[in-house]
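Residue numbers (my numbering): 3 to 74. Reviewing the structure listed below.
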């Protein structure tokens with residue numbers, strides 16, 4: 003899948019495109035689970051990301067805040 007977006011500002015700053023041809027692509031547990039992500043949920047999300055998103059350039063997988071404090 004390829005998405006293209008153009009606007010007046012982006013068109014006028016094409017000289018900078020070589021520095022960041024696309025945003026950093028990845029998944030972060032905080033975005034969907036907040037502080038409640040479990041190991042099983044993280045593994046399921048990693049499997050889905052590897053299968054469906056890796057071919058599109060997603061390569062970062064982050065388990066965020068408080069994964070080490072399951073009783074909070």
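Ideal Cβ placement from N, Cα and C applies to all residues, glycine included. Small disclaimer: the values here were computed from a predicted structure and weren't measured.
Check: Considering only residues of the same chain and omitting the five flanking positions on each side of residue 16, which have a CB-CB separation below 7 Å?
Finding: Residues of the same chain with a CB within less than 7 Å of the CB of residue 16, apart from the 5 flanking positions on each side, do not exist.
Checklist line | Inter-residue CB distance, residue 52 and residue 65 (contact presumed, cutoff 8 Å) | finding: Not confirmed; about 15 Å, so no contact.
Margin query: Just to confirm, is the Cβ distance from residue 48 to residue 63 under 8 Å?
Written below: yes
Notebook entry, point to check: In whole angstroms, what is the alpha-carbon distance linking residue 33 and residue 46?
Noted result: 15 Å
Item checked: Runs of alpha helix (DSSP H) wholly within the segment 13 to 53 (minimum 4 residues, chain order) -> 32 to 35 and 41 to 50
Next item on the list: Could you pull the start and end residues of the beta strand (DSSP E) that residue 2 belongs to?
Entry: In the structure as shown, the chain starts at 3 and stops at 74, and residue 2 therefore has no counterpart that could be examined.
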